[in-house]
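Worksheet: the structure to be examined is printed underneath.
2 protein chains.
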Amino acid sequence: MSGATPDRDPTTARRRGRPPRSEAGDTRERILAAAREEFSERGYEKTSVRGIAKAAGVDSALVHHYFGTKEQVFEAVALTLAPALNATPGVADGPLEEAGERLTRFLFGLWENPVYRAPLLAVVRSAVNNETAAAVFRRMIVTQVLSRVAGRLDAPDAELRAELAAAQLVGCAMLRYVIKMEPLASADVEQVIARLAPVVQGHLTGA
Amino acid sequence: MSGATPDRDPTTARRRGRPPRSEAGDTRERILAAAREEFSERGYEKTSVRGIAKAAGVDSALVHHYFGTKEQVFEAVALTLAPALNATPGVADGPLEEAGERLTRFLFGLWENPVYRAPLLAVVRSAVNNETAAAVFRRMIVTQVLSRVAGRLDAPDAELRAELAAAQLVGCAMLRYVIKMEPLASADVEQVIARLAPVVQGHLTGA
Chain F
1 MSGATPDRDP TTARRRGRPP RSEAGDTRER ILAAAREEFS ERGYEKTSVR GIAKAAGVDS
61 ALVHHYFGTK EQVFEAVALT LAPALNATPG VADGPLEEAG ERLTRFLFGL WENPVYRAPL
121 LAVVRSAVNN ETAAAVFRRM IVTQVLSRVA GRLDAPDAEL RAELAAAQLV GCAMLRYVIK
181 MEPLASADVE QVIARLAPVV QGHLTGA
Chain D
1 MSGATPDRDP TTARRRGRPP RSEAGDTRER ILAAAREEFS ERGYEKTSVR GIAKAAGVDS
61 ALVHHYFGTK EQVFEAVALT LAPALNATPG VADGPLEEAG ERLTRFLFGL WENPVYRAPL
121 LAVVRSAVNN ETAAAVFRRM IVTQVLSRVA GRLDAPDAEL RAELAAAQLV GCAMLRYVIK
181 MEPLASADVE QVIARLAPVV QGHLTGA
């Protein structure tokens, strides 16, 4: 584990032009998938590097080699949401009077997508129970999404507006996907979006 | 532990007319306080009857004697919110056009009250990570609060409306008190209520 391979860190390992399916890449992806499952099912506290290694069928040392500490593994799991979050310039750009609808569609698009559901659950379950994970959640939501939206608003309370809008969306995701409260959990997603988009818009640009 | 005292269960022990500060009552309260701390700090999964007993300075058997299983201890902790939730008829009653403000004030009144903050954190942290706790949360929110509010609404989608209103409030409580996202976490509570009350009202009675 001492032979450092500096290009194995979460960012550069995904760099364009690298062979995507090397054996090392497979191992890394297998560990990442196991970590995603562990964090989403157990939350941050109960998940261990050892448990992740076991689920991936590798030695714990290999988890440390590819990712570092448990916190860093968690960050890598949260980073699997990055391609989606990097789509948010599109959410923050465009006509401001439609930002509510774009933001609402974006959030539900993520949760309804099986690829993102597990890492989202992992981040939410962990953030609620652990300060380290909560910090990752705050960074992710604030820097990737809310600050871009708030930056568009011409209001002294832009950040608070963006956070109250986020509160509506996060709360709805909680009750629908995590707590599974009926009839919300089974409601048609388009119906839910139609209800929430004007509310989110109101928070952002309302009087 | 064999001498069963059937009137020590969570409901009857709070019956009017009983001496409130018997020695047994003290022990029971001490266990309950320890359970509240354990559940709110660790969440449902990581909390054990043994850990609760240790924190309360009693034998595990005594925890089982007073409360039963871990699930039942958790229900008892959630029940400490009952006096507050039983105040919700007042929330659900009164002029319908002010229901949004009453519900919003009620929710933030709970979270801002040190007596209720810990059990609320316990229920939220646990509900997000565990199906048993999620069921307690659903029962508590739906039967104690939302169904009473929905019952007042003359709309075919009354339950969905009440849940979307709850989503705004739950989401705001999450970001403010659990995730501690700024500036929302430090915002004046009256300012937050002023922003959310019309939104909650809109969900309940809007077009």
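Chains as they are written, first to last, in my numbering: chain F, 1 to 207; chain D, 1 to 207. Cβ coordinates follow ideal geometry from the N, Cα and C atoms, glycine included.
Worksheet item: Leaving out five residues before and five after R30(D) in sequence, what residues of the same chain have Cβ atoms less than 8 angstroms from its Cβ?
Response: Along the second sequence, read from residue 1 onward, the residue named residue 30(D) stands at position 30. Excluding residues within five positions, the ones whose Cβ falls inside 8 angstroms are A56, G57 and V58.
Worksheet item: How big is the Cα-Cα spacing for T47(F) and V136(D)?
Response: Residue 47(F) sits at position 47 when you count from the first residue of the first sequence. Residue 136(D) sits at position 136 when you count from the first residue of the second sequence. C-alpha separation (whole angstroms): 24 angstroms.
Worksheet item: Residues in its own chain within less than 6 angstroms of R28(D) by CB, not counting five upstream and five downstream?
Response: Taking the second sequence and counting its residues from 1, one reaches residue 28(D) at position 28. Non-local C-beta neighbours of R28(D) in its own chain, meaning closer than 6 angstroms and more than five positions away in sequence, comprise Y66, ordered along the chain.
Worksheet item: Which ranges would you report for the alpha helix (DSSP H) in the region 103–129 of chain F if only whole runs of at least 4 residues count?
Response: 114–129
Worksheet item: What is the DSSP secondary structure of K180(D), reduced to helix, strand or coil?
Response: Counting from one through the second sequence, the residue named residue 180(D) turns up at place 180. Looking at K180(D) - three-state DSSP - the assignment turns out to be coil, as it is neither helix nor strand.
Worksheet entry | Alpha-carbon spacing of D157(F) relative to M181(F), whole angstroms | Numbered from 1 along the first sequence, position 157 holds the residue referred to as residue 157(F). Numbered from 1 along the first sequence, position 181 holds the residue referred to as residue 181(F). Their backbone Cα atoms lie some 32 angstroms apart in a straight line.
Worksheet item: Could you give the distance in angstroms between the alpha-carbon of D9(F) and the alpha-carbon of A162(D)?
Response: Locating residue 9(F) in the first sequence gives position 9, where the first residue counts as 1. Locating residue 162(D) in the second sequence gives position 162, where the first residue counts as 1. For D9(F), the predicted model reports a pLDDT of 43, less than 50, meaning its position is unreliable; a value from the coordinates is still stated below. Distance between the alpha carbons of D9(F) and A162(D) is about 46 angstroms.
Fill in: Contact set between I179(F) and chain B, taken where Cβ atoms lie within less than 8 angstroms
The chain labelled as chain B is not found among the protein chains of the depicted structure, namely F and D.
Practice prompt. For R28(D), name the three-state secondary structure that DSSP assigns.
Written response: Residue numbering aside, residue 28(D) sits at position 28 when the second sequence is read from its first letter. Note: R28(D) maps to helix in three-state DSSP.
Worksheet item: What's the C-alpha gap between I179(F) and S40(F)?
Response: Here residue 179(F) refers to the residue found at position 179 of the first sequence. Here residue 40(F) refers to the residue found at position 40 of the first sequence. When rounded, the distance between both Cα atoms is 14 angstroms.
Worksheet item: So is R195(D) buried or exposed if we call it buried at 16+ other beta carbons inside 10 Å?
Response: Position 195 of the second sequence holds residue 195(D). Looking at its Cβ environment, which holds 16 or more other Cβ atoms inside 10 Å, R195(D) is buried.
Worksheet item: In the structure shown, what three-state DSSP assignment does D9(D) receive?
Response: In the second sequence, residue 9(D) corresponds to position 9, counting from 1. Because the pLDDT of D9(D) is 43, which lies under 50, any placement of that residue in the model is unreliable, and the number read from its coordinates should be weighed accordingly. Coil, per DSSP.
Worksheet item: Skipping 5 residues on each side, what residues in its chain have a beta carbon closer than 6 angstroms to that of L85(F)?
Response: Within the first sequence, residue 85(F) is the residue found at index 85, counting from 1. Q144.
Item to complete: Quick one: list the residues of chain F neighbouring E163(D), beta-carbon separation under 8 angstroms, in chain order.
Response: Within the second sequence, the letter at position 163 stands for residue 163(D). Those within 8 angstroms of E163(D) in chain F are L175, M181, P183 and L184.
Discussion item. For L160(D) and A53(F), I'd like the C-alpha separation in whole angstroms.
Written reply: As a first step, residue 160(D) must be located in the second sequence, where it is residue number 160. As a first step, residue 53(F) must be located in the first sequence, where it is residue number 53. Using only the alpha carbons, I get a separation of about 42 angstroms.
Practice prompt. Have a look at D154(F) and V124(F) and give me their C-alpha separation to the nearest angstrom.
Written response: Counting from 1 along the first sequence, the entry for residue 154(F) is found at position 154. Counting from 1 along the first sequence, the entry for residue 124(F) is found at position 124. One C-alpha to the other measures close to 30 angstroms.
Worksheet item: What distance in whole Å lies between the Cβ atoms of P114(D) and L81(D), which are believed to be in contact at a cut-off of 8 angstroms?
Response: For this step, residue 81(D) is matched to residue 81 along the second sequence. For this step, residue 114(D) is matched to residue 114 along the second sequence. So it is not a contact: roughly 13 angstroms between Cβ atoms.
Worksheet item: Which value, in whole angstroms, describes the spacing of the CA atoms of I172(D) and V189(D)?
Response: Position 172 of the second sequence holds residue 172(D). Position 189 of the second sequence holds residue 189(D). Per the sequence shown, residue 172(D) should be read as Cys rather than Ile. Rounded to whole angstroms, C172(D) to V189(D) spans 11 angstroms at the Cα level.
Worksheet entry | Nearest to T132(F) (by Cα), restricted to the options W111(F), E71(F) and M140(F) | In the first sequence, counting from the first residue as 1, residue 132(F) sits at position 132. Looking at the Cα atoms, E71(F) is the closest of the given residues.
Discussion item. With a threshold of 7 angstroms on Cβ separation, who are the neighbours of V128(D) within its own chain once the five nearest residues in sequence on each side are excluded?
Written reply: The residue you call residue 128(D) lines up with position 128 of the second sequence. Closer than 7 angstroms at the Cβ level, and outside the excluded window around V128(D), lies no residue.
Worksheet item: Count the other CB atoms within 10 Å of the CB of A4(D); is the residue buried (16 or more) or exposed (fewer)?
Response: For this step, residue 4(D) is matched to residue 4 along the second sequence. Reliability of the predicted coordinates at A4(D) is poor, the pLDDT of 41 falling under 50, and the value obtained from them is presented with this limitation in mind. A4(D) is exposed by the Cβ-count criterion.
Worksheet item: What are the boundary residues of the alpha helix (DSSP H) that S60(D) is part of?
Response: Your numbering for residue 60(D) matches position 60 in the second sequence. Unbroken alpha helix (DSSP H) run through S60(D): S60 to F67.
Discussion item. Please list, in chain order, the chain D residues whose beta carbon lies closer than 7 angstroms to that of K46(F).
Written reply: Here the question's residue 46(F) lines up with position 46 in the first sequence. Under the 7 angstroms cutoff, chain D gives E45 and K46.
Discussion item. Using CA atoms only, rank isn't needed, just tell me which of T205(F), R105(F), Y116(F) and A78(F) is closest to A197(F).
Written reply: For this step, residue 197(F) is matched to residue 197 along the first sequence. Per the Cα distances, R105(F).
Item to complete: Determine, using beta carbons only, whether V200(F) and G100(F) come nearer to each other than 8 angstroms.
Response: Within the first sequence, the letter at position 200 stands for residue 200(F). Within the first sequence, the letter at position 100 stands for residue 100(F). Cβ distance < 8 angstroms, so V200(F) and G100(F) count as in contact.
Worksheet item: For the alpha helix (DSSP H) that contains T219(D), what are its first and last residues?
Response: The question about residue 219(D) has no answer here: the residues shown for chain D are numbered 1 through 207.
Worksheet item: Does the beta carbon of G90(F) sit closer than 8 angstroms to a beta carbon anywhere in chain D?
Response: As a first step, residue 90(F) is located in the first sequence; it is residue number 90 there, counting from the start. Using a CB distance cut-off of 8 angstroms, G90(F) does not count as an interface residue toward chain D.
Discussion item. Going by DSSP in three states, L196(F) sits in which element: helix, strand or coil?
Written reply: On the first sequence, position 196 is the one that residue 196(F) refers to. Residue state, collapsed to three classes: helix.
Practice prompt. Can you tell me which of the three DSSP states A187(F) falls into?
Written response: Numbered from 1 along the first sequence, position 187 holds the residue referred to as residue 187(F). Of the three classes helix, strand and coil, the one that applies to A187(F) here is coil, per DSSP.
Practice prompt. Could you check what DSSP says for G171(F) in three-state terms: helix, strand or coil?
Written response: Stepping through the first sequence from its first residue, residue 171(F) is reached at position 171. If DSSP states are grouped into helix, strand and coil, G171(F) belongs with the helices.
Discussion item. Between A35(D), V91(D) and G25(D), which has its C-alpha nearest V73(D)'s C-alpha?
Written reply: Mapped onto the second sequence, residue 73(D) falls at position 73. It is A35(D) whose Cα lies nearest to the Cα of V73(D).
Worksheet item: What does E159(F) reach in chain D if we use C-beta pairs closer than 9 angstroms?
Response: On the first sequence, residue 159(F) is found 159 positions in, with the first residue counted as 1. Neighbours of E159(F) on chain D, chain order: E182, P183 and L184.
Worksheet item: Under the rule that 16 or more other beta-carbon atoms within 10 Å means buried, what is R15(D), buried or exposed?
Response: To locate residue 15(D), count along the second sequence from 1; it is residue 15. Legend: pLDDT at R15(D) = 43, less than 50; position of this residue unreliable, value from coordinates given subsequently. Exposed, by the Cβ-count rule.
Worksheet item: According to the neighbour-count rule (16 or more other Cβ atoms, all chains shown, within 10 Å of its Cβ), is P6(F) buried or exposed?
Response: Sequence index remark: in the first sequence, residue 6(F) carries index 6 (1-based). With a pLDDT of 41 at P6(F), under the threshold of 50, the modelled position of that residue is not reliable, and no figure is offered here.
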